[in-house]
Structures are given as C-alpha cells and as structure tokens.
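Participant: In the working numbering, the protein residues as written are 307 to 545. For every residue, glycine included, the Cβ atom is placed at its ideal position computed from N, Cα and C.
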C-alpha cells in the first residue's frame, strides 16, 4: 500500500475519532497520517501539487496541535475525590478495590504513564490492569502506554508489547506505546474525567513469598509497599 493511500486512511480515521471525542486515538492517527503524507510529498516533483499537499498537511498539523491542547487540559488535576494511604506490608488493595469503581462504560480511552515496564512482574501488573479495564470499561476503544525503553533488551520489550497489542486488537481495543526516556511521574487518565496518581505507579505489590501462596493471582492478598493513591476529578470532559 502506498504512503498516499495509507495517509488518506489514517487521516480519515483521525477525523472520525476526533468527531467521536476519542482524542487520544485521534492524536496518534493524525501524527501517523501526517508522517505518511510527508513521506509521499517528498517524492512529488510537481511544484503545484506539492504546494497543495503542504497546505493540507498544515491543516492537519493545526488539528493535531488543537487536540494536543485539549489533551493537556484534560490532564490538569481538578478536585481530589479520594485519598488512600497504603502502609508497608498492608494488604487488601487490589486495583479493582482501589479505583475499579471509577472505570466504567463511560471510559472509552485510557492513558497510563508508567516509566518502568521491563521486568516480568511489571508486565504482569500491566496485564492485570488491562484485565480490569477490559472488564469494567465495556466501551473501551483505545489504550496508550507511555513508558521508557528497556535499556537491556528493547527488542524483547517490543515483542511483549506486540503480544498485548495483538490480544487487545482481537477485543477491538487499540494498544499504543509511546517511549519517553525522561518520564518520571506516574499517572492514569480515564476519558470519563478521572485521573489516578499512585506514588509507585502500578508496581506497589510485594512478591508472593513463598511463590505458590495466596496472593499469587489475587492481588487483594498481596502485601504492599508503602505508597499513596490520589484520585482526582477533572470536569473538563466535554471539550
């Protein structure tokens, strides 16, 4: 498929997602579509056609920038609706108990900023969170993970994310990974307006000890590391 055709399909989908309010997905599609269109235009020799294409590209860039501003507005913290202090070795705090009630059918997109997803237990924590999202968010269409590259084995990391992407695709959920090497803060954004901040991100559980003991599968029985959980409500959900 040529870059021109791919660009057209991506940008059509971007506009559709934008109109549906799925701005995280629209942002990704605009970026990918613009990149494909730029690649196509670079090989165009007709000056008039090139000028026309660049005008169209600028229009899509403006749309992408407008969406970026909307996303930034939605990521601004609003009012704290719940605070949970988890002490060292506490248990009874699985993801569902902590914030499952805020993940519902109104959540169509999720953004999670989690710096470290490189170790086996970290992938397991991510999948556990995705299981909760797939269970509670019946209309979920798009999930974006922002994380750091694995400095030891980036190819294995991409393979693991590829497995997750393929599985979610079968469930009509798009899984997108963005790499930011300077990422530090942990945050979960739900498109229904809730923002979840956990001091340790998803990785506040201690390992099962011994391995084959209660808590291996059900995180409610896992002992925890000390951390704080804050859940915020941003009322800027309609723009």
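For residue 402, which of helix, strand or coil comes out of DSSP?
Facilitator: Reduced to three states, the DSSP call for residue 402 is helix.
Participant: Which runs of the alpha helix (DSSP H) at least 4 residues long sit entirely within the stretch 435–501? Give them in chain order.
Facilitator: Here the runs fully enclosed are 460–475.
Participant: With distances taken between CB atoms, is the gap from residue 420 to residue 465 smaller than 7 Å?
Facilitator: Not in contact: residue 420 and residue 465 (Cβ atoms no closer than 7 Å).
Participant: Got a sec, what are the start and stop residues for the beta strand (DSSP E) residue 371 sits in?
Facilitator: Taken as a continuous stretch (DSSP letters only), residue 371 belongs to no beta strand (DSSP E), being part of the alpha helix (DSSP H) at 353–380.
Participant: Helix, strand or coil for residue 407, going by three-state DSSP, please let me know.
Facilitator: Helix at residue 407.
Participant: Contact defined as beta carbons within less than 8 Å: I believe residue 325 pairs with residue 370. What is the distance between those atoms, to the nearest angstrom?
Facilitator: 15 Å between Cβ atoms; not a contact.
Participant: What does DSSP give as the partner residue(s) for residue 385 in the beta ladder?
Facilitator: In DSSP, residue 385 forms a bridge with 539.
Participant: Give the straight-line distance between the Cα atoms of residue 490 and residue 354, rounded to the nearest whole angstrom.
Facilitator: About 46 Å.
Participant: On the criterion of 16 or more Cβ atoms from any shown chain inside 10 Å, does residue 333 qualify as buried, or is it exposed?
Facilitator: When all chains shown are included, residue 333 counts as buried.
Participant: For residue 442, which residues in the same chain have their Cβ closer than 7 Å to its Cβ, ignoring the five residues on either side in sequence?
Facilitator: Result list for residue 442: 406, 409 and 410, in chain order.
Participant: I need the boundaries of the beta strand (DSSP E) containing residue 330, first residue and last residue.
Facilitator: That residue, residue 330, is in no beta strand (DSSP E); its alpha helix (DSSP H) goes 329–347.
Participant: Are there 16 or more other CB atoms within 10 angstroms of the CB of residue 519, so buried, or fewer, so exposed?
Facilitator: With fewer than 16 other Cβ atoms within 10 Å, it is exposed.
Participant: Grouping DSSP H, G and I as helix and E and B as strand, with all else coil, what is residue 520?
Facilitator: Coil at residue 520, not helix or strand.
Participant: Around the Cβ of residue 509, are there at least 16 other Cβ atoms within 10 angstroms (buried) or fewer (exposed)?
Facilitator: Its Cβ being crowded by 16 or more others within 10 Å, residue 509 is buried.
Participant: In this structure, how does DSSP classify residue 324 when only helix, strand and coil are distinguished?
Facilitator: Looking at residue 324 - three-state DSSP - the assignment turns out to be helix.
Participant: Look up residue 417 in the DSSP assignment and give the residues it is bridged to.
Facilitator: According to DSSP, which records beta bridges pairwise, residue 417 is partnered with 450 and 495.
Participant: Taking only three categories from DSSP, how would you classify residue 526?
Facilitator: Residue state, collapsed to three classes: helix.
Participant: Among 482, 351, 312 and 450, which residue has its Cα nearest to the Cα of residue 417?
Facilitator: The residue with the shortest Cα to Cα distance from residue 417 is 450.
Participant: Is it true that the CB of residue 512 sits closer than 7 Å to the CB of residue 398?
Facilitator: No; because the gap between Cβ atoms is not below 7 Å, this pair is not in contact.
Participant: Just list the residues that DSSP pairs residue 390 with in beta bridges.
Facilitator: DSSP lists 535 as partners of residue 390.
Participant: I'd like to confirm the pairing. Which residues does DSSP put opposite residue 511 in its beta bridges?
Facilitator: Bridge partners of residue 511: 530.
Participant: Just checking my contact of residue 535 with residue 404 at CB under 8 Å: how many whole Å lie between their CB atoms?
Facilitator: Going by Cβ atoms, the distance from residue 535 to residue 404 rounds to 6 Å, so yes, they are a contact pair.
Participant: Label residue 537 either buried or exposed according to how many other C-beta atoms from any shown protein chain fall within 10 Å of its C-beta, with 16 as the threshold for buried.
Facilitator: So residue 537 ends up on the buried side.
Participant: Is there contact here, the stretch 433–441 with the stretch 344–361, by at least three beta-carbon pairs under 8 Å?
Facilitator: With the cut-off at 8 Å, the stretch 433–441 and the stretch 344–361 do not touch.
Participant: For residue 412, does the three-state DSSP call read helix, strand or coil?
Facilitator: Note: residue 412 maps to coil in three-state DSSP.
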